[in-house]
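S.K.: Let me give you the structure first, and then I'll get to my questions.
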Amino acid sequence: MTQYKIPMSSPDLNDADRQAVIDVINTPNLSMGKWTPAFEKTFCDLTGAKHAIAVNSGTAGLHLCVRAAGIGAGDLVITTPFSFVASSNVMLFENAIPIFVDVDPRTGNLDPELVADAAKNIENYLPRTVEPKHASALRAILPVDVFGQPADMDAINAVAKEHGLRVIEDSCEALGAMYKGKHAGTLGEFGVFAFYPNKQITTGEGGVIITNNDEAAHFMRAMRNQGRAPGDTWLQHTHLGYNYRIDEMSAAMGTTQMSRLGEIMAKREQVAGWYEARLSEIEGVEIPFVESFTTKSSWFVYVIRFDKKINRDEIAKRLDARGIPVRPYFLPIHLQPYIAKQFGYKEGDFPVTEDLGKRGLAIPFSGIMTEEQVDQVCNIIREEIMNF
Ligand SMILES: *Cc1c(COP(=O)(O)O)cnc(C)c1O
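Count along the sequence shown from 1, then add 838; that gives the number in the numbering used here.
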C-alpha cells in the first residue's frame, strides 16, 4: 500500500459541526426530530425553492424524483453516460431505459444539440437490445451538473418544453454552483444534492431534493417515510414506500455545514485557483474549462486531462507510487459491465465520453488543502510529465 502524502479528498469540518452531532446524541431524538426540517429549510433559504426534502443519499433523492415524475417500465429518459452511475441506476430501478447522448468535450456536460436531436429522433438513440416495440414514450431528461458546473439548462429546458418532458437536474456535484446567476438544482422541475464525504458539504451520507411542485413534494415525503401519507399513523401506510429518511446526527451536521457554505465554497475556489496557476504552465496538461454561463462553479473535484501522447494510466501509476492519490474520472456508464450487458453497448458508442474518460484524472482536492500541498502535487506532476 502506498503511503499517501495528501488525501484524495477531505471533508471540511469544524468544532461546530462536531458539537452539533454530539448535542444530538445527548438527546433521545436520533431520527425524525427538529434537525431534519431545519436542514431542509437551509436549502429553501439558499435556493428559493418552495420545498426541500432531506433523504439518506443523493441516489435515494434521484430515485424519489423518478418515482414522482411517474417514470416507469419501458419509459425513456435522456441522460448522460459521463457521470457517476447513480444518475442512470435510478431509471434502471424502475425498469425505465436511460437513453444516452454524448457530451460537450470541454465541460463533460450533456451536449444540448444532441439532446434536441435525440428528443426528435428517439428511435435512432435506442440501445441495441431495446426493440422499438418494447420502448414506451420519451418521458424526461436527466442532466447532470458534472464536477460542480451546471449543464446548459436553458437549452435543455427548451427541448423539454417542446417535447413535454419532465426535467430532473442531478446537482449532486454542484451544490452552490450558479448558472446565469441561478442556483444549480433550481433549473429543472426537480434538483438533487448529495453529501457523501467528498462533496462540498457532508452529512456522512445524505441528500436533499428541491422542487416547487407541491404534489410531488407531498408524495416524496410520504415515499421516504415508508409510504406514510399525511394523517397516516405510525403503522398506516398509504403507499408502498421506502426508508429513505436522513437521521438527526446527519441533519444537524448538515445544518451547521450549510451555515458556512459560502466560506466552504470560497476555500474550494481558492484551491482550484492555486492549481490553475501552476498546472496551466505544464505542457501536455489541460485544466478544467469553465463555461461563460457558469457564473459560479462549486468545484466538486479537480480533473485534469492529458494530451493524447501521454498515457494517463501510466502517469497515474507513477503519481500513485510517489504518494499522490489520483483517480480516473469517469469510467463511462455505458461501458460499466452490467449496463453494457443489458443494453449491448460497445466501446466507440459515445466517443467524446470515452475520450474524456481515458484522458481525465482527478487529483487531490478539498477546501482544506494548503498552498504547500498544491505545490507538492504540481511539482510531482511536472517532474513525471518531463520524464515521460
Ligand atoms: C455523488 C453523486 C450522486 C449521489 O451519490 P450518493 O452517494 O448516493 O449520495 C449522484 N449523482 C452524481 C453525479 C454524483 O456525483
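Note that the Cβ used here is the ideal one computed from N, Cα and C, for glycine as well.
The structure presented is a predicted model; accordingly, all values stated were derived computationally and were not measured.
Should Asp-1145 and Glu-1124 be called a contact, given that it needs their Cβ atoms to be closer than 9 Å?
M.R.: The count along the sequence shown starts at 1 and reaches residue 1145 at position 307. The count along the sequence shown starts at 1 and reaches residue 1124 at position 286. Yes, they are a contact pair.
S.K.: For Glu-1119, name the three-state secondary structure that DSSP assigns.
M.R.: Taking the first residue of the sequence shown as position 1, residue 1119 is located at position 281. Three-state result, Glu-1119: coil.
S.K.: Name the DSSP beta bridge partners of Phe-1127, please?
M.R.: Counted from its first residue, the sequence shown places residue 1127 at position 289. Note: Phe-1127 sits in no beta bridge, so no partner.
S.K.: Starting from His-889, trace the beta strand (DSSP E) in both directions and tell me its first and last residue.
M.R.: Position 51 of the sequence shown, counted from the first residue, corresponds to residue 889. 889–893 is the span of the beta strand (DSSP E), which, as asked, contains His-889.
S.K.: Straight-line CA distance for Phe-1226 to Cys-1216?
M.R.: The residue you call residue 1226 lines up with position 388 of the sequence shown. The residue you call residue 1216 lines up with position 378 of the sequence shown. Distance between the alpha carbons of Phe-1226 and Cys-1216 is about 15 Å.
S.K.: If you follow the beta strand (DSSP E) that Arg-1143 is in, where does it begin and where does it stop?
M.R.: As a first step, residue 1143 is located in the sequence shown; it is residue number 305 there, counting from the start. Start and end: 1140–1144.
S.K.: Pull up the distance between the alpha-carbon of Arg-1062 and that of Thr-1024, whole angstroms please.
M.R.: The count along the sequence shown starts at 1 and reaches residue 1062 at position 224. The count along the sequence shown starts at 1 and reaches residue 1024 at position 186. Approximately 21 Å between the Cα atoms of the pair.
S.K.: Say whether the segment 939–946 touches the segment 879–887, bearing in mind that this needs 3 or more beta-carbon pairs closer than 8 Å, one atom from each stretch.
M.R.: As far as the Cβ criterion goes, the segment 939–946 does not touch the segment 879–887, which means the pair count is below three.
S.K.: Can Val-939 be considered in contact with ligand 1, in the sense that its beta carbon sits closer than 8 Å to one or more heavy atoms?
M.R.: Numbered from its first residue, the sequence shown carries residue 939 at position 101. Answer for Val-939: no, Cβ out of range of ligand 1.
S.K.: Identify every run of the beta strand (DSSP E) within the segment 1162–1216, keeping only runs that are complete inside it and at least 3 residues long; order them along the chain.
M.R.: You should have 1198–1201.
S.K.: So Ala-1032 is in the alpha helix (DSSP H); what residue range does that whole segment cover?
M.R.: As a working note, residue 1032 is residue 194 in the sequence shown. Careful: Ala-1032 lies outside any alpha helix (DSSP H), inside the beta strand (DSSP E) at 1028–1032.
S.K.: Might you give, ordered along the chain, the residues of its own chain that have their beta carbon closer than 6 Å to the beta carbon of His-1021, omitting 5 neighbours on each side?
M.R.: Counting from 1 along the sequence shown, the entry for residue 1021 is found at position 183. Cβ within range, chain order: Thr-885.
S.K.: Cβ of Ser-895 within 8 Å of any heavy atom in ligand 1?
M.R.: Taking the sequence shown and counting its residues from 1, one reaches residue 895 at position 57. Answer for Ser-895: yes, Cβ within range of ligand 1.
S.K.: Bridge partners for Lys-999 per DSSP, in chain order?
M.R.: For this step, residue 999 is matched to residue 161 along the sequence shown. Its beta-bridge partners do not exist; DSSP assigns none.
S.K.: By how many angstroms is the C-alpha of Trp-1072 removed from the C-alpha of Ile-863?
M.R.: Numbered from 1 along the sequence shown, position 25 holds the residue referred to as residue 863. Numbered from 1 along the sequence shown, position 234 holds the residue referred to as residue 1072. Going by the C-alpha atoms only, they are around 23 Å apart.
S.K.: Return yes when the C-beta of Gly-1045 is under 8 Å from any heavy atom of ligand 1, and no when it is not.
M.R.: Looking up residue 1045 in the sequence shown gives position 207. Yes, since a heavy atom of ligand 1 falls inside the 8 Å radius drawn around the Cβ of Gly-1045.
S.K.: Distance, Cα to Cα, Thr-1093 vs Ala-854?
M.R.: The residue given as residue 1093 occupies position 255 in the sequence shown. The residue given as residue 854 occupies position 16 in the sequence shown. So the two alpha carbons sit approximately 10 Å from each other.
S.K.: Quick one: any contact between the segment 865–875 and the segment 1029–1038, if contact means 3 or more CB pairs under 8 Å?
M.R.: No, because fewer than three Cβ pairs between the segment 865–875 and the segment 1029–1038 fall closer than 8 Å, the two stretches do not touch.
S.K.: Taking the alpha helix (DSSP H) that Thr-950 belongs to, which residues open and close that run?
M.R.: As a first step, residue 950 must be located in the sequence shown, where it is residue number 112. Sequence inspection shows Pro at residue 950; the Thr mentioned does not correspond to that position. Where Pro-950 is concerned, the enclosing alpha helix (DSSP H) stretches over 950–958.
S.K.: So Ile-916 and Ala-858 are supposed to be a Cβ contact under 8 Å. How far apart are they, rounded?
M.R.: As a position in the sequence shown, residue 916 is number 78, starting the count at 1. As a position in the sequence shown, residue 858 is number 20, starting the count at 1. Not quite, the Cβ-Cβ distance comes to about 40 Å (not below 8 Å), so this is no contact.
S.K.: On the premise that Ala-978 lies in contact with Ala-924, defined as a C-beta separation below 8 Å, what is that separation, rounded to the nearest angstrom?
M.R.: In the sequence shown, counting from the first residue as 1, residue 924 sits at position 86. In the sequence shown, counting from the first residue as 1, residue 978 sits at position 140. At roughly 16 Å, the Cβ-Cβ gap does not stay under 8 Å, so Ala-924 and Ala-978 are not in contact.
S.K.: Can you give the Cα-Cα distance for Leu-1003 and Tyr-1176, rounded to whole angstroms?
M.R.: As a position in the sequence shown, residue 1003 is number 165, starting the count at 1. As a position in the sequence shown, residue 1176 is number 338, starting the count at 1. In a straight line, the C-alpha of Leu-1003 is about 27 Å away from that of Tyr-1176.
S.K.: Identify whether Thr-1008 lies in helix, strand or coil by the three-state DSSP scheme.
M.R.: Position 170 of the sequence shown, counted from the first residue, corresponds to residue 1008. Reading off the sequence, residue 1008 comes out as Asp, not Thr. Note: Asp-1008 maps to strand in three-state DSSP.
S.K.: State the DSSP-derived secondary structure class of Pro-936, mapped to helix, strand or coil.
M.R.: The count along the sequence shown starts at 1 and reaches residue 936 at position 98. DSSP places Pro-936 in strand when its eight states are reduced to three.
S.K.: Answer yes or no: do Asn-894 and Gly-1045 have a C-beta to C-beta separation smaller than 9 Å?
M.R.: In the sequence shown, counting from the first residue as 1, residue 894 sits at position 56. In the sequence shown, counting from the first residue as 1, residue 1045 sits at position 207. Closer than 9 Å, so yes.
S.K.: Verify whether the separation of the beta carbon atoms of Pro-1126 and Phe-922 is less than 9 Å.
M.R.: Locating residue 1126 in the sequence shown gives position 288, where the first residue counts as 1. Locating residue 922 in the sequence shown gives position 84, where the first residue counts as 1. No, these two residues do not count as a Cβ contact at 9 Å.
S.K.: Would you mind sorting Lys-1037 into buried or exposed? The rule is 16 or more other CB atoms within 10 Å of its CB.
M.R.: As a working mapping, residue 1037 is identified with position 199 in the sequence shown. With 16 or more other Cβ atoms within 10 Å, it is buried.
S.K.: Can you tell me whether Ser-1118 is buried or exposed, with buried defined as 16 or more other CB within 10 angstroms of its CB?
M.R.: The residue you call residue 1118 lines up with position 280 of the sequence shown. Burial call: exposed.
S.K.: Please report the distance separating the alpha-carbon of Lys-1134 from that of Glu-1114.
M.R.: The residue labelled residue 1134 in the question sits at position 296 within the sequence shown. The residue labelled residue 1114 in the question sits at position 276 within the sequence shown. Going by the C-alpha atoms only, they are around 16 Å apart.
S.K.: Please name the residue or residues paired with Asn-1081 in a DSSP beta bridge.
M.R.: Here the question's residue 1081 lines up with position 243 in the sequence shown. Paired residue(s): Asn-1063.
S.K.: From this set, Thr-874, Met-846, Gln-841, which residue's C-alpha is nearest Met-1096's C-alpha?
M.R.: Here residue 1096 refers to the residue found at position 258 of the sequence shown. Met-1096 has its Cα closest to that of Thr-874, out of Thr-874, Met-846, Gln-841.
S.K.: Under 8 Å by Cβ, that's how I've got Ala-1060 and Thr-1049 pegged, so tell me the actual separation to the nearest angstrom.
M.R.: Stepping through the sequence shown from its first residue, residue 1060 is reached at position 222. Stepping through the sequence shown from its first residue, residue 1049 is reached at position 211. Not really, about 14 Å apart at Cβ, beyond 8 Å.
S.K.: In the DSSP assignment, the beta strand (DSSP E) including Lys-1134 goes from what residue to what residue?
M.R.: For the purposes of this step, residue 1134 is identified with residue 296 of the sequence shown, where counting begins at 1. Start and end: 1132–1134.
S.K.: Rounded to a whole number of angstroms, what is the C-alpha to C-alpha distance between Glu-1101 and Gly-1111?
M.R.: In the sequence shown, counting from the first residue as 1, residue 1101 sits at position 263. In the sequence shown, counting from the first residue as 1, residue 1111 sits at position 273. Taking the straight line joining both Cα atoms gives about 15 Å.
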